[in-house]
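Beneath this line is the structure, given in structure tokens, with notes to follow.
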Amino acid sequence: MESIDAYLARRRSNGTLRALAPLETRGAGRVVRGGKPLIDFSSNDYLGLARHPRLIEAARQALVEHGVGAGASRLLTGDYMLHHELEEAVAVFKHKERALVFNTGYQANVGVIAALVGRGDAIFSDALSHASQIDGAVLSRGAKFPFRHNDMQHLEELLKTERPKFGRALILTESVFSMDGDKAPLPVLAELKERHDCLLMVDEAHATGIFGPHGGGLVEECGLSARVDLIMGTFSKALGGFGAYIAASHTLVDYLVNAARAFIYSTALPPAIIAADLASLAVCWDEPWRRKRLLEISATFRHQAGAAGWVADGETQIVPLMVGQSQTALAQAAWLQERGFCVLPIRPPSVPEGTARFRFSLCAEHDEADVEAVTQALRELRRMGEGPEPTSPEKRG
Ligand SMILES: *Cc1c(COP(=O)(O)O)cnc(C)c1O
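Using the numbering used here, the first residue of the sequence shown is number 59, and each one after it goes up by one.
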């Protein structure tokens, strides 16, 4: 293996070295970093629920009543009534028989995939699947067949030639892709999974709270809840809380409680977090204006960024603006930060080589003036072409 020094030197020289960049606080579409408030286009708190008074109050009450830590894993004595109340609410929210809470979305994907798939089984996954799905696939020891992003013809070819050679088969996708903001063709995936006798698992990390009549996600919006075997989602993004879940059948949940090591061998989420997550589902139900507002302001941003000379396609709150080279993306993000905007430069290996980009994420708390201000800056960047001069990657995360 490459030496650690060589690895760091290589990442430094090609503009892909990452470094932590702590912030002081965040809220209301702003982030404070280095004493300076920036308009925040980097957060996944899409609906602005992380500071919602109902979430804070629910967490505060549970904190006072139960203390901080849960004390043990769920299967030992860390299993509170609150966890079950939350799982019942998630099952209703996702239109499935049951739900199981995991500590993070990462753990949910790794735990579920590794539990469902073993040697002699197969995984067919979208090429842009989240790292946690990829890691779950590696851990599972199943055969891996990535299909080109959202390419249903490619998936069908793979299923025809490879599926018959394996025992169980799992199809993996995200419903709204985390870095590209586009949507998966869920109705076709449901067709294919039925025709080729597979399980279908959909990661709704970026769709939950936003799409569907009740914010249940893109699966809900497409009316496919009954046909998607495993719906994964998180509380950590639009819902403003923390933790994740799988919604599935009674049988699958019973199986996961016994077989998902990421569930079994980890301390339960603290009661205060569970209480906040419960409150987030209630707010999601009671305040549908938040998701309407989010999609409106996102459309406004795409329209204005387009008028400023960028290609800003799509129909979600995640808007990638392509830059190309990592060094350019870094330099331009630093330039935007100096002008008061927090925008994430996304670089390989998170995205394919040569597709470094800004990942704009909008939130329900942005107003037209915020969007207007950043599109002014984006227009100026277009005028400068490749500029400004690249800054050294050490200076910027
Ligand atoms: C964020 C994310 C996860 C991981 O969720 P965490 O709760 O942050 O661990 C999983 N899948 C996708 C697509 C994500 O964007």
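Where is the CB? At the ideal position from N, CA and C, for every residue including glycine. Just so you know, these numbers come straight off a predicted model, no measurement behind them.
Asked                                                                                                       : Found
Sequence-distant residues of the same chain with beta carbon closer than 8 Å to S61, five excluded per side : none
Contact test: A263 Cβ vs ligand 3 heavy atom, cutoff 6 Å                                                    : This structure simply doesn't include ligand 3; it includes ligand 1 instead.
Neighbour-count burial assignment, A284, 16 or more Cβ in a 10 Å radius                                     : exposed
A302 Cβ short of 6 Å to ligand 1 heavy atom set                                                             : yes
Reduced DSSP secondary structure (H/G/I, E/B, other) of P451                                                : Confidence at P451 is low in this model, with a pLDDT of 40, below 50, so its placement is unreliable and the value that follows should be read with caution. Looking at P451 - three-state DSSP - the assignment turns out to be helix.
7 Å CB neighbourhood of I206 in its chain, flanking five on each side removed                               : Per the sequence presented here, residue 206 reads as Arg, with Ile not at that position. Contacts found: A185 and H212.
For S236, three-class secondary structure by DSSP                                                           : coil
Length of the line joining the Cα atoms of F203 and E214                                                    : 11 Å
Nearest to V170 (by Cα), restricted to the options D261, E143, M237 and K94                                 : D261
Distance between beta carbons of G301 and D335, contact taken as under 8 Å                                  : 6 Å
Cβ pair L113, L107 closer than 7 Å                                                                          : yes
Residues near G85 in its chain [Cβ-Cβ closer than 6 Å; skip 5 each side]                                    : R109
Proximity winner among F160, G125 and G129, relative to H142 (alpha-carbon distances)                       : F160
CA-to-CA distance, D63 to R69, given in whole angstroms                                                     : 10 Å
Contact under 7 Å by Cβ, G136 with A333                                                                     : no
8 Å contact criterion, which L314 and F151 should meet: CB distance rounded                                 : About 18 Å separates the two Cβ atoms, so there is no contact after all.
Status (buried if at least 16 other CB within 10 Å, exposed otherwise) for K251                             : buried
CA-to-CA distance, R360 to A427, given in whole angstroms                                                   : 14 Å
Among G367, Q362 and L174, the one whose alpha carbon lies nearest that of L197                             : L174
Cross-strand partners of F416 (DSSP beta bridge)                                                            : L379 and P403
For I229, the three-state DSSP class (helix, strand or coil)                                                : strand
Cutoff 7 Å: Q191 Cβ touching any chain B Cβ                                                                 : Absent here is chain B; the protein component of the structure consists of one chain.
Limits of the alpha helix (DSSP H) - the one that I289 falls within                                         : Run containing I289: none in the alpha helix (DSSP H); it sits in the beta strand (DSSP E), L288 to T292.
Burial state of V286, where buried means 16 or more other Cβ atoms lie within 10 Å                          : buried
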